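J.: Input: one structure, supplied below.
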Amino acid sequence: MSRALSVSLCLAFLACGSSAVFAQQPNPLWGRIETGIRQKEPGWTLMEIYGKRQHQQLEMFQWRQDEKEIAAWIIVQPSVAKAILHFQEDGFGRLPYKSPPQKLDIGEASYVREARGNAIVVFRRNYVLARISGRASAITTLLRFARHIDALLGMGLDKSKTAYENGETALTEGRYEDAIEELKKAVNQGEGDPGRSQHALGLAYLKLDRREEAIATFKEAIRLRPNFAEAHYDLGRAYYESGEFATAAAPLEEAIRLNPDFFDALIVLGNTYQHSGLHTKSVDVLRKATLLRPDASDAKGALGAAFLLAGQPEEAALVLREVVRLSPRSAFAHASLGQAYRLMGKFQDALNSLQEALRISPADSVAHNYLGLTYLSLDRQQEALAAYRQAILLKSDYAEAHYNLALLQVALGDRNQAQDEYNILRALNSDLADVLLRKLGAWKP
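In terms of our numbering, the sequence shown is residues 63 to 507.
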């Protein structure tokens with residue numbers, strides 16, 4: 063198959079434009095296809111997997127036997143009724159001499175067509191679209207591969223299952239539009255526990271970043287099942303992810319009241335308190351999370367950050383040293399420990415920790431900002447300037463780095479540059495800009 067055709071196929075698939083947000087865990091369907099083809103076609107070698115299994119909804123496989131190649135693009139589509147129409151161009155575009163599509167008995171809808179010595183088989187099965195391509199001379203092999211993949215896709219949704227079960231399957235596999243369709247059906251048909259159906263529906267909405275619908279659905283789940291801790295948690299999480307921290311606290315607190323050992327709810331509530339400036343409450347909640355799971359480095363890291371914000375660097379350092387032990391490759395842990403050491407006056411220890419953080423993650427803007435503060439504590443002003451500028455280069459809207467840079471520029475007598483930083487800061491964070499003005503005293507921008 064020509065490289066141009068491969069590229070055009072890729073573009074055609076991407077142009078289908080699934081509205082779903084790709085998840086970060088691989089879809090179990092991809093492993094099923096890889097294993098199934100290996101068993102059915104032992105003479106063919108899997109040469110390439112597009113995307114390295116990072117997508118739930120899009121994957122390409124390429125197999126080879128001697129000089130023959132077969133490629134299969136598979137996509138989970140949000141639209142079922144008209145999905146087959148997405149492939150009407152086939153990747154052939156406006157090429158002349160392409161054959162008219164011929165219907166096949168594969169999947170729920172399918173066809174095959176040829177152009178310039180290449181052939182493509184397109185079919186749909188269980189909300190999934192597949193496109194199998196190769197040389198027209200290998201059409202028999204293409205059809206055989208298509209039937210193998212069709213059978214593997216047919217293992218996806220069990221028609222004997224309820225709409226709720228199919229919805230949960232789709233949700234687990236990252237097919238969020240399909241999950242919404244099935245779960246709405248479950249709600250309308252009154253299947254099973256309506257509170258659980260509404261909760262699962264809310265999760266699908268949240269995965270698609272449809273937060274208003276998710277929030278309304280979680281509230282309905284809570285109305286139907288007031289003691290449903292998971293629904294309270296996910297409602298709070300939806301508010302938290304929207305930046306509505308004051309509103310997020312109440313449902314998270316209720317989730318923990320219903321289930322005092324709800325680890326995930328404790329973590330999100332602790333972070334919510336941090337964003338609300340309630341640092342002592344954040345420490346209390348996150349400490350409980352670390353007691354529940356002593357080896358959970360994420361909980362300990364959050365607790366260390368809470369101690370820093372609460373003005374307790376010694377306690378932060380104790381916790382963060384443990385995080386570094388549990389997760390030695392965590393740039394966040396090394397950077398946070400460096401900040402704790404700086405606040406304790408242990409500047410060389412701080413420098414060592416921050417340099418290790420940047421060795422692990424050179425593009426860590428927070429570590430560069432902390433490094434600037436540490437250099438300033440060591441009276442290495444030019445190095446501090448460079449560190450702040452690097453933090454801003456990596457994250458142009460990093461308000462704290464602009465603030466620190468402006469303070470240092472004024473100290474060095476560079477008021478014009480400080481004026482520029484103040485103007486930027488005022489657009490990013492007016493409260494921090496006001497703090498800058500107060501610190502600078504008589505200086506008038």
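From the three backbone atoms N, C-alpha and C, an ideal C-beta is built for every residue, glycine too.
Since we're looking at a predicted model, the values are computed, not measured.
Consult DSSP for Y460 and reduce its assignment to one of helix, strand or coil.
T.: Looking at Y460 - three-state DSSP - the assignment turns out to be coil, as it is neither helix nor strand.
J.: So what's I284 in DSSP terms, helix, strand or just coil?
T.: Three-state DSSP puts I284 in a helix.
J.: Less than 7 Å between C-beta atoms, sequence neighbours within five positions excluded: which residues of the same chain meet that for A198?
T.: Closer than 7 Å at Cβ, skipping near neighbours: E176, G179, N180 and A181.
J.: Leaving out five residues on either side along the sequence, give the residues of the same chain with a beta carbon under 7 Å from the beta carbon of L147.
T.: Bear in mind that a pLDDT of 44 at L147, under 50, signals an unreliable position, so the number given afterwards is only what the model happens to contain. Same-chain partners within the cutoff: there are none.
J.: Should R258 be labelled buried (16 or more other beta-carbon atoms within 10 Å of its own) or exposed?
T.: With 16 or more other Cβ atoms within 10 Å, it is buried.
J.: Return the bridge partner residues of R197 from the DSSP annotation.
T.: In DSSP, R197 forms a bridge with N180.
J.: Residues in the same chain with beta-carbon distance under 8 Å from K165, minus the five sequence neighbours each way, listed in chain order, please.
T.: So the qualifying residues of the chain are S172 and Y173.
J.: Between the Cα of R168 and the Cα atoms of L191, A489, L268 and A208, which residue gives the shortest distance?
T.: The sequence as given places Ile at residue 168; Arg does not occur at that position. The residue with the shortest Cα to Cα distance from I168 is A208.
J.: Let me know if N333 comes out buried or exposed under the rule of 16 or more other beta-carbons within 10 Å of its beta-carbon.
T.: Per the 10 Å Cβ criterion, buried.
J.: If you draw a straight line from the C-alpha of Y301 to the C-alpha of A200, how long is it?
T.: Spanning the two alpha carbons is a distance of roughly 54 Å.
J.: Hey, quick one: how far does the alpha helix (DSSP H) through A425 stretch, first residue to last?
T.: Where A425 is concerned, there is no enclosing alpha helix (DSSP H), given that its DSSP letter is neither H nor E.
J.: Helix or strand or just coil, what does DSSP make of K165?
T.: Strand.
J.: To the nearest angstrom, how far is it from the Cα of W92 to the Cα of S195?
T.: Those two C-alpha atoms are separated by around 18 Å.
J.: Within the stretch 374-452, note down every full alpha helix (DSSP H) run reaching 4 residues or more, in order along the chain.
T.: DSSP runs (the alpha helix (DSSP H)) wholly in the stretch 374-452: 375-388, 393-405, 409-422 and 427-439.
J.: Does K501 pass the burial test, meaning 16 or more other C-beta atoms within 10 Å, or should it be called exposed?
T.: With fewer than 16 other Cβ atoms within 10 Å, it is exposed.
J.: For L98, which option in K408, L204, H210 and Q127 has the closest C-alpha, if you only look at C-alpha atoms?
T.: Leu is not the amino acid found at residue 98; the sequence shown has Gly there. Comparing Cα positions, the closest option is H210.
J.: Determine the contact status of L191 and I137, defining contact as a CB-CB distance below 8 Å.
T.: Contact flag set, yes.
J.: Using the Cα positions of Q251 and Y295, report the straight-line distance between them to the nearest angstrom.
T.: Taking the straight line from one Cα to the other gives about 26 Å.
J.: In the DSSP assignment, what are the bridge partners of E121?
T.: Partner(s): I136.
J.: Helix, strand or coil for A272? Go by DSSP, reduced to three states.
T.: It is worth fixing the name first, because residue 272 is Arg in this sequence and not Ala. R272: coil per DSSP, three-state reduction.
J.: Excluding the five sequence neighbours on either side, which residues of its own chain have a C-beta within less than 7 Å of the C-beta of E462, listed in chain order?
T.: Closer than 7 Å at the Cβ level, and outside the excluded window around E462, lie N431.
J.: Classify T231 as helix, strand or coil using the three-state DSSP reduction.
T.: Helix at T231.
J.: Which same chain residues, not among the five before or five after Y159, have their C-beta less than 6 Å away from its C-beta?
T.: Unreliable placement is indicated for Y159, whose pLDDT of 45 sits below 50; the coordinate value is still reported in the next sentence. Closer than 6 Å at the Cβ level, and outside the excluded window around Y159, lies no residue.
J.: Could you have a look at A171 and say whether DSSP puts it in helix, strand or coil?
T.: Three-state result, A171: strand.
J.: Once DSSP output is grouped into helix, strand and coil, what is the label at A192?
T.: DSSP places A192 in strand when its eight states are reduced to three.
J.: If contacts are defined as beta-carbon pairs under 8 Å, then S392 and G363 qualify, I think. What distance do you get, rounded to the angstrom?
T.: Between G363 and S392 the Cβ distance is about 7 Å, and since that is below 8 Å, they are a contact.
J.: Using 10 angstroms around the beta-carbon of P356, count the other beta-carbons present and answer buried if the total reaches 16, otherwise exposed.
T.: Exposed, since its Cβ has fewer than 16 Cβ neighbours within 10 Å.
J.: Once the 5 residues before and after E230 are set aside, which same chain residues still bring their CB inside 7 Å of it?
T.: These residues qualify, in order along the chain: A262.
J.: Spatial neighbours of E377 within its chain, please: C-beta separation below 6 Å, excluding the five flanking residues on both sides.
T.: Closer than 6 Å at the Cβ level, and outside the excluded window around E377, lie F369.
J.: Out of L215, R187 and V183, state which residue places its alpha-carbon closest to the alpha-carbon of T203.
T.: Nearest of L215, R187 and V183 to T203, Cα basis: V183.
J.: So, are the CB atoms of V386 and A397 less than 8 Å apart?
T.: For V386 and A397, no; Cβs fall outside 8 Å.
J.: Hey, how far is the Cα of R404 from the Cα of Y335?
T.: If you take the alpha carbons of R404 and Y335, they lie about 24 Å apart.
J.: Considering only C-alpha positions, which residue in the set N466, R285 and L353 is nearest to V428?
T.: Minimum Cα distance to V428 is reached at N466.
J.: Tell me the residue span of the alpha helix (DSSP H) that contains V363.
T.: Note on residue identity: the sequence assigns Gly, not Val, to residue 363. Per DSSP, G363 belongs to the alpha helix (DSSP H) from S359 to L371.
J.: Residue range of the alpha helix (DSSP H) that R500 falls in?
T.: Note, R500: alpha helix (DSSP H), S492 to L502.
J.: Specify, as a first and last residue, the run of the alpha helix (DSSP H) that S344 falls within.
T.: Start and end: H341 to L354.
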